[in-house]
Amino acid sequence: MIQSKSFIIPLFIILTLAQTAFAESESEAEAIGSPGTASDVSREIKVTQIDNMFLPNEIWVTEGETIRFVVNNKGERQHEFLIGSMHDLRKAAKMRRNHPDDQPASIGMIRLQPGEQKEIIWKFDHAGEIDFACPLPGHFKGMRGKIYVEKK
Ligand SMILES: [Cu+2]
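For what it's worth, my numbering labels the leading residue of the sequence shown as 1200, then goes sequentially.
In structure tokens, the structure reads:
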């Protein structure tokens, strides 16, 4: 009896911890929002890329808004625009450092050549702070920005 109890309790703790970890990663994914559809766009925001900075690098939106980001690369280098949690952005930056020849494609990411303009539509479901960056090697430190999602 005592033996089975001492087995069940640690198992319970492990399951609880696993559940908490899952819930956290799920809420983090939810918090950054998701790709939006053109028909839901409520506002357009222009973002300019230079070598190596975003203008603006602080953006305010309201919870529930779907934004069309019109991104212009006015620099002389290739840049990316990637929306995500700081954890995701760091991971992307590390990947690009380690595999510079890969052509990564992911949700919430666009890559622009000098002079190019591209769009990305994003829906902000939850209030909070979301990061964006250019994760390319040598750019990541300076090319960062924040999106503040304010409560409705
Ligand atoms: Cu860049």
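Ideal Cβ positions, reconstructed from N, Cα and C, are used throughout, including at glycine.
- Message: Closer than 8 Å to a non-hydrogen atom of ligand 1 - does that hold for the CB of L1254?
- Response: no
- Using the beta-carbon count (16 or more within 10 Å), is L1254 buried or exposed? exposed
- Message: Using a Cβ-based criterion (distance less than 8 Å to any ligand heavy atom), does R1276 qualify as near ligand 1?
- Response: yes
- Proximal residues to I1231 (C-beta, below 8 Å), its chain only, five neighbours per side dropped: I1282, G1283, S1284, D1287, G1307 and I1329
- Excluding sequence positions up to five away, which residues of its chain have a Cβ less than 7 Å from the Cβ of R1276? D1250 and P1313
- Query: Which partner residues does T1265 have in the DSSP bridge list?
  - Reply: K1322
- Measure the C-alpha to C-alpha separation of P1334 and F1268 and round it to an integer number of angstroms. 18 Å
- Please find out if some non-hydrogen atom of ligand 2 comes closer than 8 Å to the beta-carbon of E1315. Although ligand 2 was asked about, the structure shown includes only ligand 1 as ligands.
- Task: Using DSSP bridges, identify the partner residues of N1271.
- Result: T1247 and Q1316
- Query: Quick one: is R1267 near chain B, going by C-beta distance under 9 Å?
  - Reply: You won't find chain B in this structure, because it holds only one protein chain.
- Query: Where do the ends of the alpha helix (DSSP H) carrying I1289 lie?
  - Reply: It is worth fixing the name first, because residue 1289 is Arg in this sequence and not Ile. Looking at the DSSP string, the run of the alpha helix (DSSP H) that includes R1289 is M1285 to N1297.
- Item | Residue of E1264, T1247, K1245 and R1310 minimising C-alpha distance to S1238 | E1264
- Task: Pick helix, strand or coil for D1300, following the three-state DSSP scheme.
- Result: coil
- Item | Proximal residues to P1299 (C-beta, below 8 Å), its chain only, five neighbours per side dropped | P1336
- Message: Please state the DSSP three-state secondary structure of S1233.
- Response: strand
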